[in-house]
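S.K.: One structure coming up, written as C-alpha cells, with questions to follow.
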Amino acid sequence: MKLRLEHLASCFQGLIPATLFTCSAEGEPNVAYLSHVEYVDPRHVALSFQFFNKSRKNVERNPFALVRVIDPDSQRGYDLRLRFARSESEGPLFESMRLRIEAIASFTGLKGIFRLRAADVYEVLEISPAPEEPGEARRTKPEAPARFSLAALQQLVETLDQSKTLDDLVDGVLNDFERLFALRHSVFLLRGEQEGRLVAVATRGYGNRGVGAEVGHGEGIIGMAAEARAPIRISGMLRQMLYAAAVREENLKLGHDAMRRVPLPGLETPQSQLAIPLVAGGELLGVIFAESEEPYRFHEQDKACISVLGSYVALALNSLLLKARLEEIGCSSQSTHRNLRILAAEPAEGGVANACRMQHELSFFRSEECILVDGEYLVRSLPAKILWRLLEARAIDGRTEFTNRELRLDKSLALPAYKDNLETRLLLLRRRLTERCPYIRLVPRSRGHFRLELDCELELVEHD
Amino acid sequence: MERTDVLLTPELVELLHGEVSFYLATRDGELRPRGSRVLAARAAPEKNELTIFGYREALEQHLASLRENGRMALSLARPSDDTAYQLKGRYLRHRACSEVDRALVERQVAQLRRNLESIGIPIATFANWKTWPSLAITMEVEEIFNQTPGPLAGEVVA
C-alpha cells in the first residue's frame with residue numbers, strides 16, 4: 002500500500018522530535034532537529050521557522066529537503082522528501098503553530114525568544130520507510146476508541162443542562178472529564194478580579210489543592226489558551242522536561258510571597274496537556290485545563306470535539322451568570338427586608354456543640370486585602386473583603402443570613418457596577434473555605450441567598 | 014588547506030562516545046539531501062577523524078553520494094539536556110564492521126537508550142532499531158557547530 006500523509010497523523014503530534022536534512026546551494030549537507038512537524042493537508046506539511054538559520058538559508062536557495070519523522074505508536078521511522086513551497090507569517094496555520102510554541106516557551110521564561118517567525122510550507126514529494134527504524138509490524142495493543150466522541154459530548158451537554166448553580170456546573174464538568182474522558186487531573190479557572198488574570202475555582206486529582214491559584218494571560222498553556230481564545234493541545238514526552246523545570250522556576254520566583262499565593266497544582270511528569278478557553282459572546286469567561294501522564298492523549302481527531310465542548314460549557318456558564326444577575330435585580334426590597342427580619346444568630350445546623358468547638362484566629366490585613374487564619378493564607382482581594390464583612394456582621398449584629406444583592410449594594414466592597422463577577426468570587430470563597438477552613442461555611446439557601454455557619458469560635462483581628 | 018589544529022576536544026570526544034543520538038546527512042549530485050540514523054561513533058582526535066557506525070542497509074544508501082562529492086554532516090544530541098553539535102567534513106573511507114565493532118555499537122546504543130529512559134521514554138519504545146549488520150564510515154572533521162537549541166545555535170565552535 003502506498004504511504005500517504007494522512008496515515009502518518011500520529012507523527013505530527015510533537016511526541017517525538019523530527020529531523021530535517023537540507024543542502025546548501027554549494028553542496029554542503031546540513032542536519033537540524035525539529036520539535037514539531039505540522040500536518041497541513043494530504044500533500045503538504047509545515048515546519049516552524051524559529052532558529053535553524055542555516056536550514057532556512059539552504060532551502061531559500063535549494064528547495065529540496067528531507068524530514069525523518071517517527072510514529073509514536075509503532076516507533077516506525079519515515080522519510081518525507083520535501084520541496085519548499087511557501088512561507089506564511091500570518092493566517093490560521095501560522096497562528097496554530099505559534100500558539101503551541103509560545104505555550105511551551107512561556108513555561109521556560111523564554112517567550113519571545115522561541116517565537117515563531119514563520120510557518121514554512123513544503124510539498125511532500127515522496128514518503129518512504131526508514132530501514133533502520135522499522136518499528137513494530139502491527140500495534141501491540143488495540144487502538145483505543147476516541148474518547149472525545151459525540152456520545153461523550155452529548156452526556157456532557159446533559160450535565161450542563163442539569164446544572165442550576167455555578168457549583169453544579171464547575172463540579173459537573175470536572176466530574177464528567179473524569180467519567181467520560183478518563184481525565185483524572187483537571188482545573189476549572191474563571192475570570193479573575195484583575196483584568197488579564199484567571200483564578201482556579203475547582204481542581205480534580207491534585208489532592209484538594211489549587212483553589213485560588215492565579216494564572217495570567219499568556220502564562221503557560223492555560224494563559225496562552227486564554228490569550229489566543231483557542232484550545233491548545235500539547236503532547237510529547239520531552240515537553241515534561243520543560244514544564245518541570247519551568248514550574249520549579251516559577252515557584253522559586255514566587256517564593257517571596259508564597260504565603261500569600263496559592264500555587265497552581267500540576268503533575269510532576271505530564272505527558273499530555275490540554276487547555277480549552279471558554280468564550281461566549283466574544284468574552285473570555287474562563288479556561289478548563291486537563292493533563293495526563295499518558296503520552297499522546299489528545300489526538301488530531303479530538304480537535305473539533307474539544308472546540309465544541311468549550312463552546313457548550315461557555316454558553317452554559319454565561320447563561321448561569323446572567324440568570325443569577327437578572328434574578329437578583331428582580332428581587333424586591335420587601336423580600337430582602339423580610340429575610341433580614343427572620344434571621345437570627347443560630348448555632349450551625351448539625352454542627353459541633355459549643356463546648357467542643359475549636360478556637361481560631363482570623364486576621365484581616367486591610368491594606369493588603371488579605372485574610373490569614375491561624376497564620377496561614379486563606380484568601381485575598383474581594384473574597385477577603387466579603388468574608389470579613391460577613392464575619393463582622395455576625396460578630397456585631399449576630400447575623401447569619403445574607404444576600405448577594407446586599408453585597409452588591411455595599412459600597413465598602415467597591416464592586417464594579419457592571420460585570421462584577423460576584424458569583425465567581427463567592428464560589429471561590431466557598432471553595433477556599435472548604436479546602437482550608439471547613440469550620441466556616443457559606444451555605445446557599447436559595448438563589449442569591451446564603452447562610453454563614455460556624456463550627457468554631459473565631460477571634461477576629463483587623464490590621465491596617 | 015589542511016587543518017593542523019585539533020578540533021575534537023576531549024569534552025567533545027567524551028560526548029561522541031556517550032549517550033547521544035546521531036544522524037548522518039549527505040547529498041546527491043542534484044543537491045537532494047539524504048539522512049539516516051547513526052548508532053555509534055569513535056573519534057581519532059589526533060587526526061581529526063571520526064568513524065561512525067550504522068545499520069548497513071541505511072548507510073549504504075549514502076555511499077554513492079559520498080564517492081561522488083564526499084560531503085557529509087553528522088549531528089549529535091544528548092536527549093536529557095539537549096546538548097547538541099553538528100560536525101561537517103569529508104568522506105575518507107568505509108568498511109564492513111567486525112564483532113568488535115558490534116560490541117561497541119551495542120554498548121553505545123544501550124547508553125542512548127538509558128538516557129532516553131531517564132527522561133521518560135521507555136527502552137521498549139526503541140527496542141526495534143536495526144543495529145546489525147553495520148557499516149563503518151570514516152570522515153575527516155573540518156568544522157564543528159553548536160546545535161543546542163537557543164540563540165547560539167549555528168555558531169561555529171571549531
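For the protein sequence lines, the chains are E and B, in the order given. Each residue of the first sequence is one higher than the last, beginning at 2 in the numbering used here. Each residue of the second sequence is one higher than the last, beginning at 14 in the numbering used here. Where is the CB? At the ideal position from N, CA and C, for every residue including glycine.
1) Along the stretch 46-68 of chain B, where does the CB come closer than 7 Å to a CB of chain E? Name the residues.
2) On the CB-based measure, 16 or more other CB atoms within 10 Å of its CB, does E/H186 come out buried or exposed?
3) Name the DSSP beta bridge partners of B/M152, please?
4) Taking all protein chains shown into account, decide if E/S236 is buried (16 or more other Cβ within 10 angstroms of its Cβ) or exposed.
5) For E/V380, which residues of its own chain have a beta-carbon under 8 Å away from its beta-carbon, when the five flanking residues on both sides are left out?
6) Could you confirm whether any beta carbon from chain E is found closer than 7 Å to the beta carbon of B/R84?
7) Under a CB-based cut-off of 7 Å, is B/L196 close to chain E?
8) Could you run through the stretch 81-109 of chain B and flag, in chain order, every residue whose CB is less than 9 Å away from some CB of chain E?
9) Relative to the C-alpha of E/P264, which candidate in E/V125, E/G211 and E/L6 has its C-alpha closest?
10) If you measure from the beta carbon of E/F299 to each beta carbon in chain B, is any gap under 7 Å?
11) Taking the beta carbon of E/E228 as the centre, do at least 16 other beta carbons fall within 10 Å, making it buried, or is it exposed?
12) Identify, in the order they occur along the chain, each residue of the same chain with its Cβ nearer than 7 Å to the Cβ of E/L310, setting aside the five sequence neighbours on each side.
13) For E/N59, which of E/S25, E/R101 and E/S413 has the nearest alpha-carbon?
14) Along chain E, which residues have their Cβ under 7 Å away from the Cβ of B/T39?
15) Spatial neighbours of E/F13 within its chain, please: CB distance less than 8 Å, with the 5 preceding and 5 following residues excluded, ordered by chain position.
16) Compute the Euclidean distance between the alpha carbons of E/L175 and B/L72, then round it to the nearest angstrom.
17) Which residue comes first and which comes last in the alpha helix (DSSP H) that contains B/E81?
18) At the level of alpha carbons, what is the spacing between E/Q241 and E/E295?
19) E/T23 touches chain B at which residues, Cβ-Cβ below 7 Å?
20) Per DSSP, what kind of secondary structure is E/V462 in: helix, strand or coil?
21) Is E/P30 buried or exposed, if buried means 16 or more other CB atoms sit within 10 Å of its CB?
22) When we look at the beta-carbon of E/N54 and count the other beta-carbons within 10 Å, is it buried (16 or more) or exposed?
23) To the nearest whole angstrom, what separates the beta carbons of E/R230 and E/V280, a pair I think is in contact under 8 Å?
24) As a quick exercise: from E/D42, E/G15, E/E196 and E/V122, pick the residue whose alpha carbon is nearest that of E/E7.
25) Nearest chain B C-beta to E/K55 closer than 7 Å, yes or no?
26) In whole angstroms, give me the CA-to-CA distance for E/T435 and E/V202.
27) Bridge partners of B/M85, per DSSP?
28) Give the interface partners of B/W142 over in chain E, defined as CB-CB distance under 7 Å, in chain order.
29) Consult DSSP for E/A294 and reduce its assignment to one of helix, strand or coil.
30) Could you give the C-beta distance for B/A38 and B/G48, rounded to a whole number, given that I count them as a contact under 8 Å?
31) Does the Cβ of E/N63 have 16 or more other Cβ atoms within 10 Å, making it buried, or fewer, making it exposed?
32) Mapping DSSP to helix, strand and coil, what is B/E27?
33) For E/P73, I'd like the list of residues in its chain whose CB is within less than 6 Å of its CB, leaving aside the five on either flank, ordered along the chain.
34) Apart from the five residues on each side of it in sequence, which residues of its chain come closer than 6 Å, Cβ to Cβ, to B/A97?
35) Does the beta carbon of E/L81 sit closer than 7 Å to a beta carbon anywhere in chain B?
36) Buried or exposed: where does E/H450 fall if 16 or more other Cβ atoms within 10 Å of its Cβ makes it buried?
M.R.: The relevant details are as follows:
1) Within the stretch 46-68 of chain B, contact with chain E at the beta-carbon level (separation under 7 Å) is assigned to P46, R47, G48, S49, R50, G67 and Y68.
2) Buried is the call here.
3) B/M152 pairs with B/L63 and B/Y104.
4) Around the beta carbon of E/S236, 16 or more other beta carbons lie within 10 angstroms, which makes this residue buried.
5) Only G213, C371, I372, L388, L429, L430 and R433 meet the Cβ criterion.
6) For B/R84, the nearest CB of chain E lies under 7 Å from its own CB, placing it at the interface with that chain.
7) Outside the shown range of chain B (14 to 171) lies residue 196 of chain B, about which nothing can therefore be said.
8) Under the 9 Å Cβ criterion, the stretch 81-109 of chain B contributes N82, R84, M85, A86, L87, S88, A90, P92, S93, D94, D95, A97, Q99 and K101.
9) For E/P264, the closest of E/V125, E/G211 and E/L6 by C-alpha to C-alpha distance is E/G211.
10) The beta carbon of E/F299 sits no closer than 7 Å to any beta carbon of chain B.
11) The residue in question, E/E228, is buried, as its Cβ has 16 or more Cβ neighbours within 10 Å.
12) So the qualifying residues of the chain are L154, L157 and I277.
13) E/S25 is the residue among E/S25, E/R101 and E/S413 whose C-alpha sits nearest the C-alpha of E/N59.
14) Result: P30.
15) Once the five neighbours on either side are set aside, the close Cβ partners of E/F13 are H37, V38, E39, Y40, V46, V70 and E301.
16) If you take the alpha carbons of E/L175 and B/L72, they lie about 52 Å apart.
17) Membership of B/E81 in the alpha helix (DSSP H) is indicated by the continuous run R69 to N82.
18) Caution is warranted here: a pLDDT of 40 is assigned to E/Q241, below 50, making its placement in the model unreliable, and no coordinate value can be reported.
19) Result: P46.
20) Reduced to three states, the DSSP call for E/V462 is strand.
21) With 16 or more Cβ atoms within 10 Å of its Cβ, E/P30 is classed as buried.
22) The residue in question, E/N54, is exposed, as its Cβ has fewer than 16 Cβ neighbours within 10 Å.
23) The pair is a contact, with the Cβ atoms about 5 Å apart (cut-off 8 Å).
24) Taking each of E/D42, E/G15, E/E196 and E/V122 in turn and checking the Cα distance to E/E7, the smallest one comes out for E/D42.
25) Yes, its Cβ sits closer than 7 Å to a Cβ of chain B.
26) Approximately 12 Å between the Cα atoms of the pair.
27) B/G102, per the DSSP bridge assignment.
28) Residues of chain E passing the Cβ test: E133 and E134.
29) For the record, residue 294 of chain E in the displayed sequence is Glu; it is not Ala. It is coil, neither helix nor strand.
30) Yes, B/A38 and B/G48 are in contact; Cβ-Cβ is about 5 Å, under 8 Å.
31) Buried.
32) For B/E27, the three-state secondary structure derived from DSSP is helix.
33) If we look at E/P73 and ignore the five residues flanking it on each side, its Cβ neighbours are S11, L16, I17 and Y297.
34) Taken in chain order, the residues that qualify are A90, Q160 and T161.
35) Not flagged as an interface residue toward chain B: E/L81, since no C-beta distance is shorter than 7 Å.
36) So E/H450 ends up on the buried side.
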